[in-house]
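Residue numbers for the sequence shown follow the numbering used here, so the first one is 191 and each next one is one higher. Think of the CB as a built atom: it goes at the ideal place given N, C-alpha and C, for glycine as much as any other residue. Below: the structure, in C-alpha cells.
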Amino acid sequence: MFRSVGSVVFGVWADRYGRKWPYCFNLLLFVVLELATGFCKTYKQFLAIRSLYGIAMGFLAYSNSLVITTNIFSEVFMVMQQRQP
Numbered sequence: 191m192f193r194s195v196g197s198v199v200f201g202v203w204a205d206r207y208g209r210k211w212p213y214c215f216n217l218l219l220f221v222v223l224e225l226a227t228g229f230c231k232t233y234k235q236f237l238a239i240r241s242l243y244g245i246a247m248g249f250l251a252y253s254n255s256l257v258i259t260t261n262i263f264s265e266v267f268m269v270m271q272q273r274q275p
C-alpha cells in the first residue's frame, strides 16, 4: 500500500541526486526499521513501523526494476543492431 509512495519519493530523490546515496540511505533505513520492528510493544506500533518499511521498499522496487529493464532492453537493442545489414 505504501510502496507506491516510496517509489515516488525516492524516485524523485534518486533522479535529483543520483542513485548511489539514496540507495545507501535506503539500506540503512531497512536495517533501522527491521530492528525497530523487533522492539514494538503494541500492534499500532508494529503497523506504523511496517508502513514505513513499505515506503522504503518502494525505492528498492523502483531501483531494481529500473536496472533490470535497462539491462534487458540494452541487450535486445544490441541484438537488433547486429541483425541490421
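Neighbour flag for residue i against chain C, beta carbons, 9 angstroms
| i | result |
| --- | --- |
| Ser197 | Going by chain labels, chain C is absent from the structure shown, which holds only one protein chain. |
Reduced DSSP category for residue i - H, G, I as helix; E, B as strand; rest coil
| i | result |
| --- | --- |
| Cys214 | helix |
| Gly248 | helix |
| Arg209 | coil |
| Thr232 | coil |
Chain-order list of residues whose beta-carbon lies under 8 angstroms from that of residue i (same chain, five-residue window excluded)
| i | result |
| --- | --- |
| Ile239 | Leu223, Ala226, Thr227 and Cys230 |
Rounded distance between the beta-carbons of residue j and residue i, thought under 8 angstroms
| i | j | result |
| --- | --- | --- |
| Gly248 | Arg193 | 4 angstroms |
| Gly196 | Ile262 | 23 angstroms between Cβ atoms; not a contact. |
Residues of its chain near residue i, where Cβ-Cβ distance is below 7 angstroms and the 5 sequence neighbours each way are ignored
| i | result |
| --- | --- |
| Leu250 | Asn216 |
Closest Cα partner of residue i within the set the options
| i | options | result |
| --- | --- | --- |
| Gly191 | Ser241, Ser264 and Pro212 | Per the sequence presented here, residue 191 reads as Met, with Gly not at that position. Considering only alpha carbons, the answer is Ser241. |
| Tyr243 | Cys214, Arg209, Pro212 and Val221 | Val221 |
Residue i beta carbon near the ligand MN (any heavy atom closer than 8 angstroms)
| i | result |
| --- | --- |
| Phe229 | This structure does not include the ligand MN; it has no bound ligands of any sort. |
Neighbourhood of residue i by C-beta, 6 angstroms cutoff - its chain only, sequence neighbours within 5 removed
| i | result |
| --- | --- |
| Phe236 | Cys230 |
Any 3 or more C-beta pairs closer than 8 angstroms across the segment 229-243 and the segment 199-207: no
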